[in-house]
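Undergrad: Got a structure for you, questions after.
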(Lines of atoms letter the chains of each structure in order from A and count residues from 1; the text may use other names and numbers.)
(Lines give C-alpha, C1' and ligand atoms only; values in the text may rest on other atoms or scores of the structure.)
Protein backbone atom coordinates (compact mmCIF):
# COMPACT_ATOMS: atom_id res chain seq x y z
CA UNK A 1 0.00 0.00 0.00
CA UNK A 2 1.37 3.39 -0.99
CA UNK A 3 1.71 5.82 1.91
CA UNK A 4 0.16 9.23 1.24
CA UNK A 5 2.67 12.08 1.23
CA UNK A 6 2.84 14.20 4.37
CA UNK A 7 2.85 17.99 4.58
CA UNK A 8 5.24 19.70 6.99
CA UNK A 9 4.09 22.12 9.67
CA UNK A 10 5.60 25.13 7.88
CA UNK A 11 3.30 24.60 4.90
CA UNK A 12 0.31 23.97 7.16
CA UNK A 13 1.09 27.19 9.04
CA UNK A 14 1.36 29.08 5.74
CA UNK A 15 -2.06 27.69 4.79
CA UNK A 16 -3.57 28.79 8.11
CA UNK A 17 -2.07 32.26 7.60
CA UNK A 18 -3.48 32.52 4.06
CA UNK A 19 -0.03 32.78 2.46
CA UNK A 20 -0.36 29.97 -0.12
CA UNK A 21 -1.43 30.35 -3.73
CA UNK A 22 -4.92 29.04 -4.64
CA UNK A 23 -3.39 25.91 -6.17
CA UNK A 24 -1.21 25.23 -3.12
CA UNK A 25 -4.11 25.89 -0.74
CA UNK A 26 -6.36 23.49 -2.67
CA UNK A 27 -3.72 20.76 -2.33
CA UNK A 28 -3.55 21.34 1.43
CA UNK A 29 -7.35 21.19 1.70
CA UNK A 30 -7.32 17.79 -0.01
CA UNK A 31 -4.56 16.62 2.35
CA UNK A 32 -6.47 17.76 5.44
CA UNK A 33 -9.55 15.80 4.39
CA UNK A 34 -7.52 12.58 4.85
CA UNK A 35 -5.41 13.67 7.85
CA UNK A 36 -7.61 14.66 10.82
CA UNK A 37 -4.59 15.21 13.07
CA UNK A 38 -3.25 17.87 10.69
CA UNK A 39 -6.76 19.36 10.41
CA UNK A 40 -6.90 19.67 14.21
CA UNK A 41 -3.49 21.38 14.25
CA UNK A 42 -4.56 23.84 11.53
CA UNK A 43 -7.79 24.56 13.44
CA UNK A 44 -5.73 25.50 16.52
CA UNK A 45 -3.50 27.84 14.50
CA UNK A 46 -6.52 29.47 12.83
CA UNK A 47 -8.23 29.90 16.21
CA UNK A 48 -5.10 31.60 17.58
CA UNK A 49 -4.92 33.86 14.51
CA UNK A 50 -8.56 34.86 14.89
CA UNK A 51 -8.10 35.59 18.61
CA UNK A 52 -5.11 37.82 17.86
CA UNK A 53 -6.93 39.58 15.00
CA UNK A 54 -9.90 40.38 17.23
CA UNK A 55 -7.67 41.51 20.08
CA UNK A 56 -5.81 44.03 17.91
CA UNK A 57 -8.65 45.05 15.57
CA UNK A 58 -9.84 47.98 17.69
CA UNK A 59 -6.38 49.44 18.53
CA UNK A 60 -5.25 49.18 14.90
CA UNK A 61 -8.31 51.12 13.74
CA UNK A 62 -7.69 54.04 16.10
CA UNK A 63 -6.38 57.33 14.66
CA UNK A 64 -2.74 58.31 15.07
CA UNK A 65 -2.29 59.96 18.49
CA UNK A 66 -1.57 63.69 18.42
CA UNK A 67 1.83 63.24 20.10
CA UNK A 68 2.96 60.93 17.27
CA UNK A 69 1.59 63.27 14.61
CA UNK A 70 3.60 66.08 16.19
CA UNK A 71 6.77 64.02 15.73
CA UNK A 72 6.03 63.28 12.08
CA UNK A 73 4.21 66.28 10.62
CA UNK A 74 6.01 69.62 10.12
CA UNK A 75 5.75 72.25 12.84
CA UNK A 76 4.08 75.59 12.11
CA UNK A 77 7.43 77.29 12.79
CA UNK A 78 10.11 74.64 12.15
CA UNK A 79 12.91 77.21 12.28
CA UNK A 80 12.29 77.69 15.99
CA UNK A 81 13.46 74.11 16.65
CA UNK A 82 16.42 74.02 14.24
CA UNK A 83 19.99 74.22 15.53
CA UNK A 84 22.35 75.91 13.06
CA UNK A 85 25.34 73.81 11.97
CA UNK A 86 28.11 74.51 9.57
CA UNK A 87 27.08 73.94 5.92
CA UNK A 88 28.71 70.52 5.61
CA UNK A 89 26.39 69.21 8.37
CA UNK A 90 23.17 70.59 6.90
CA UNK A 91 20.71 67.99 5.62
CA UNK A 92 19.74 68.73 2.01
CA UNK A 93 16.07 69.60 1.57
CA UNK A 94 15.45 66.67 -0.72
CA UNK A 95 16.68 64.16 1.90
CA UNK A 96 14.74 65.85 4.68
CA UNK A 97 11.57 65.63 2.62
CA UNK A 98 12.19 61.99 1.80
CA UNK A 99 12.76 61.15 5.47
CA UNK A 100 9.55 62.89 6.47
CA UNK A 101 7.58 61.07 3.77
CA UNK A 102 9.01 57.72 4.85
CA UNK A 103 8.20 58.37 8.51
CA UNK A 104 4.64 59.36 7.66
CA UNK A 105 4.18 56.28 5.50
CA UNK A 106 5.46 53.98 8.24
CA UNK A 107 3.12 55.58 10.77
CA UNK A 108 0.10 55.14 8.51
CA UNK A 109 1.02 51.50 7.84
CA UNK A 110 1.29 50.90 11.57
CA UNK A 111 -2.20 52.13 12.46
CA UNK A 112 -4.42 51.30 9.49
CA UNK A 113 -6.05 47.84 9.30
CA UNK A 114 -5.14 45.66 6.35
CA UNK A 115 -7.78 45.87 3.58
CA UNK A 116 -10.04 42.91 2.84
CA UNK A 117 -8.26 40.73 0.28
CA UNK A 118 -11.56 39.38 -1.07
CA UNK A 119 -12.48 35.77 -1.80
CA UNK A 120 -9.68 33.23 -2.01
CA UNK A 121 -9.07 29.59 -1.15
CA UNK A 122 -7.81 29.12 2.40
CA UNK A 123 -8.68 30.44 5.87
CA UNK A 124 -11.34 33.16 6.02
CA UNK A 125 -10.04 36.35 7.63
CA UNK A 126 -11.52 37.17 11.03
CA UNK A 127 -13.93 40.08 10.85
CA UNK A 128 -14.19 39.96 7.04
CA UNK A 129 -17.52 40.34 5.26
CA UNK A 130 -17.35 36.69 4.21
CA UNK A 131 -16.83 35.50 7.79
CA UNK A 132 -19.76 37.63 8.95
CA UNK A 133 -21.99 36.12 6.26
CA UNK A 134 -20.87 32.56 7.01
CA UNK A 135 -21.51 33.03 10.72
CA UNK A 136 -24.90 34.76 10.62
CA UNK A 137 -26.50 34.82 7.16
CA UNK A 138 -29.42 32.47 6.44
CA UNK A 139 -29.46 30.45 3.23
CA UNK A 140 -31.22 32.32 0.44
CA UNK A 141 -30.53 35.76 1.92
CA UNK A 142 -28.55 38.24 -0.18
CA UNK A 143 -25.77 40.30 1.43
CA UNK A 144 -24.28 43.27 -0.49
CA UNK A 145 -20.47 43.34 -0.38
CA UNK A 146 -19.89 46.76 -1.91
CA UNK A 147 -18.07 46.74 -5.23
CA UNK A 148 -17.36 43.00 -4.91
CA UNK A 149 -21.00 42.19 -5.57
CA UNK A 150 -23.80 40.35 -3.79
CA UNK A 151 -23.16 37.28 -1.63
CA UNK A 152 -25.80 34.57 -1.25
CA UNK A 153 -25.52 31.53 1.02
CA UNK A 154 -26.95 28.63 -0.99
CA UNK A 155 -27.02 25.80 1.56
CA UNK A 156 -25.66 24.55 4.88
CA UNK A 157 -24.56 20.92 5.16
CA UNK A 158 -23.26 18.79 8.04
CA UNK A 159 -19.72 17.50 7.45
CA UNK A 160 -17.12 15.45 9.27
CA UNK A 161 -16.16 17.41 12.37
CA UNK A 162 -18.27 20.45 11.54
CA UNK A 163 -20.33 22.10 8.82
CA UNK A 164 -19.97 23.43 5.27
CA UNK A 165 -21.77 26.27 3.49
CA UNK A 166 -22.13 26.69 -0.26
CA UNK A 167 -22.22 30.29 -1.44
CA UNK A 168 -22.09 32.43 -4.56
CA UNK A 169 -20.83 35.94 -5.23
CA UNK A 170 -22.38 37.79 -8.18
CA UNK A 171 -20.61 40.80 -9.73
CA UNK A 172 -23.20 43.59 -10.10
CA UNK A 173 -22.06 44.94 -13.47
CA UNK A 174 -20.95 41.83 -15.37
CA UNK A 175 -23.14 39.20 -13.73
CA UNK A 176 -20.11 36.92 -13.39
CA UNK A 177 -20.48 34.37 -10.61
CA UNK A 178 -18.08 32.80 -8.13
CA UNK A 179 -19.31 29.57 -6.57
CA UNK A 180 -17.59 28.56 -3.35
CA UNK A 181 -17.56 26.08 -0.49
CA UNK A 182 -16.49 27.14 3.00
CA UNK A 183 -16.25 24.66 5.87
CA UNK A 184 -15.95 25.04 9.61
CA UNK A 185 -14.10 22.60 11.84
CA UNK A 186 -13.35 24.01 15.26
CA UNK A 187 -13.55 27.79 15.57
CA UNK A 188 -12.67 29.05 12.09
CA UNK A 189 -13.91 28.93 8.50
CA UNK A 190 -11.84 28.01 5.46
CA UNK A 191 -12.74 28.20 1.77
CA UNK A 192 -12.11 24.80 0.17
CA UNK A 193 -12.79 25.75 -3.45
CA UNK A 194 -13.83 28.69 -5.65
CA UNK A 195 -15.28 28.21 -9.13
CA UNK A 196 -15.66 31.15 -11.53
CA UNK A 197 -18.45 31.32 -14.07
CA UNK A 198 -19.08 33.90 -16.79
CA UNK A 199 -22.66 35.05 -17.19
CA UNK A 200 -24.43 34.24 -20.46
CA UNK A 201 -26.44 36.76 -22.42
CA UNK A 202 -29.97 35.42 -22.16
CA UNK A 203 -32.43 34.01 -19.68
CA UNK A 204 -31.62 36.27 -16.78
CA UNK A 205 -33.40 35.78 -13.48
CA UNK A 206 -35.23 38.54 -11.65
CA UNK A 207 -31.99 39.38 -9.87
CA UNK A 208 -30.24 40.00 -13.18
CA UNK A 209 -27.95 36.96 -13.35
CA UNK A 210 -28.02 33.37 -14.54
CA UNK A 211 -27.95 30.44 -12.10
CA UNK A 212 -25.31 27.77 -12.54
CA UNK A 213 -26.09 25.30 -15.29
CA UNK A 214 -26.86 21.67 -14.51
CA UNK A 215 -23.33 20.61 -15.41
CA UNK A 216 -21.73 23.28 -13.24
CA UNK A 217 -24.02 22.78 -10.23
CA UNK A 218 -22.28 19.52 -9.30
CA UNK A 219 -18.76 20.84 -9.72
CA UNK A 220 -18.36 21.27 -5.95
CA UNK A 221 -19.49 17.70 -5.21
CA UNK A 222 -15.93 16.26 -5.04
CA UNK A 223 -15.06 18.70 -2.24
CA UNK A 224 -18.31 17.88 -0.44
CA UNK A 225 -17.44 14.18 -0.68
CA UNK A 226 -13.98 14.79 0.81
CA UNK A 227 -15.59 16.61 3.71
CA UNK A 228 -18.09 13.79 4.24
CA UNK A 229 -20.97 16.24 3.77
CA UNK A 230 -24.55 15.05 4.21
CA UNK A 231 -27.92 16.44 3.16
CA UNK A 232 -28.57 20.17 3.42
CA UNK A 233 -30.02 21.33 6.72
CA UNK A 234 -33.55 22.64 6.98
CA UNK A 235 -34.16 26.32 7.64
CA UNK A 236 -35.00 25.59 11.30
CA UNK A 237 -31.88 23.46 11.82
CA UNK A 238 -29.72 26.13 10.21
CA UNK A 239 -31.29 28.90 12.30
CA UNK A 240 -30.61 26.96 15.50
CA UNK A 241 -26.95 26.51 14.55
CA UNK A 242 -26.54 30.21 13.80
CA UNK A 243 -28.24 31.16 17.07
CA UNK A 244 -25.88 28.92 19.06
CA UNK A 245 -22.73 30.12 17.30
CA UNK A 246 -22.29 26.91 15.29
CA UNK A 247 -21.95 24.70 18.34
CA UNK A 248 -24.38 21.83 17.84
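In UniProt numbering, the protein residues as written are 1 to 248.
Here a beta-carbon is modelled for each residue, glycine too, at the ideal position from N, C-alpha and C.
Got a sec? Which residues, its chain only, sit under 8 Å from residue 235 by beta carbon, not counting five neighbours each side?
TA: To locate residue 235, count along the chain shown from 1; it is residue 235. Closer than 8 Å at the Cβ level, and outside the excluded window around residue 235, lie 138 and 139.
Undergrad: So, residue 160 versus residue 43, is the Cβ gap smaller than 9 Å?
TA: Along the chain shown, read from residue 1 onward, the residue named residue 160 stands at position 160. Along the chain shown, read from residue 1 onward, the residue named residue 43 stands at position 43. Contact flag unset, no.
Undergrad: What's the call for residue 218, buried or exposed, on a 16-neighbour Cβ count within 10 Å?
TA: One-based indexing of the chain shown puts residue 218 at position 218. The residue is exposed, with fewer than 16 neighbouring Cβ atoms inside 10 Å.
Undergrad: Does the Cβ-Cβ distance between residue 121 and residue 191 come in under 9 Å?
TA: Here residue 121 refers to the residue found at position 121 of the chain shown. Here residue 191 refers to the residue found at position 191 of the chain shown. Cβ distance < 9 Å, so residue 121 and residue 191 count as in contact.
Undergrad: Starting from residue 193, follow the beta strand (DSSP E) in both directions and report where the run begins and ends.
TA: By 1-based counting over the chain shown, the position of residue 193 is 193. Run containing residue 193: 189–197, per the beta strand (DSSP E) assignment.
Undergrad: Is the beta carbon of residue 168 sitting closer than 9 Å to the one on residue 154?
TA: By 1-based counting over the chain shown, the position of residue 168 is 168. By 1-based counting over the chain shown, the position of residue 154 is 154. Yes, these two residues count as a Cβ contact at 9 Å.
Undergrad: When the Cα atoms are used, what is the spatial distance from residue 156 to residue 232?
TA: Numbered from 1 along the chain shown, position 156 holds the residue referred to as residue 156. Numbered from 1 along the chain shown, position 232 holds the residue referred to as residue 232. Taking the straight line from one Cα to the other gives about 5 Å.
Undergrad: Under DSSP, the beta strand (DSSP E) around residue 132 begins and ends at which residues?
TA: Locating residue 132 in the chain shown gives position 132, counting from the first residue. Residue 132 -> not in any beta strand (DSSP E); alpha helix (DSSP H) instead, spanning 129–136.
Undergrad: Given residue 194, which residues of its chain have a CB within under 8 Å of its CB, disregarding the five upstream and five downstream residues?
TA: One-based indexing of the chain shown puts residue 194 at position 194. These residues qualify, in order along the chain: 22, 119, 120, 121, 178, 179 and 180.
Undergrad: Which residues in the same chain as residue 183 place their Cβ atom closer than 8 Å to its Cβ, once the five residues preceding and following it in sequence are excluded?
TA: As a working mapping, residue 183 is identified with position 183 in the chain shown. Same-chain partners within the cutoff: 159, 162, 163, 164, 165, 189, 190, 192 and 227.
Undergrad: Would you mind sorting residue 29 into buried or exposed? The rule is 16 or more other CB atoms within 10 Å of its CB.
TA: Taking the first residue of the chain shown as 1, we reach residue 29 at position 29. It counts as buried.
Undergrad: Taking residue 261 as part of the alpha helix (DSSP H), name the residues at either end of that continuous run.
TA: Beyond the ends of the chain as shown, which are 1 and 248, falls residue 261; an answer cannot be given.
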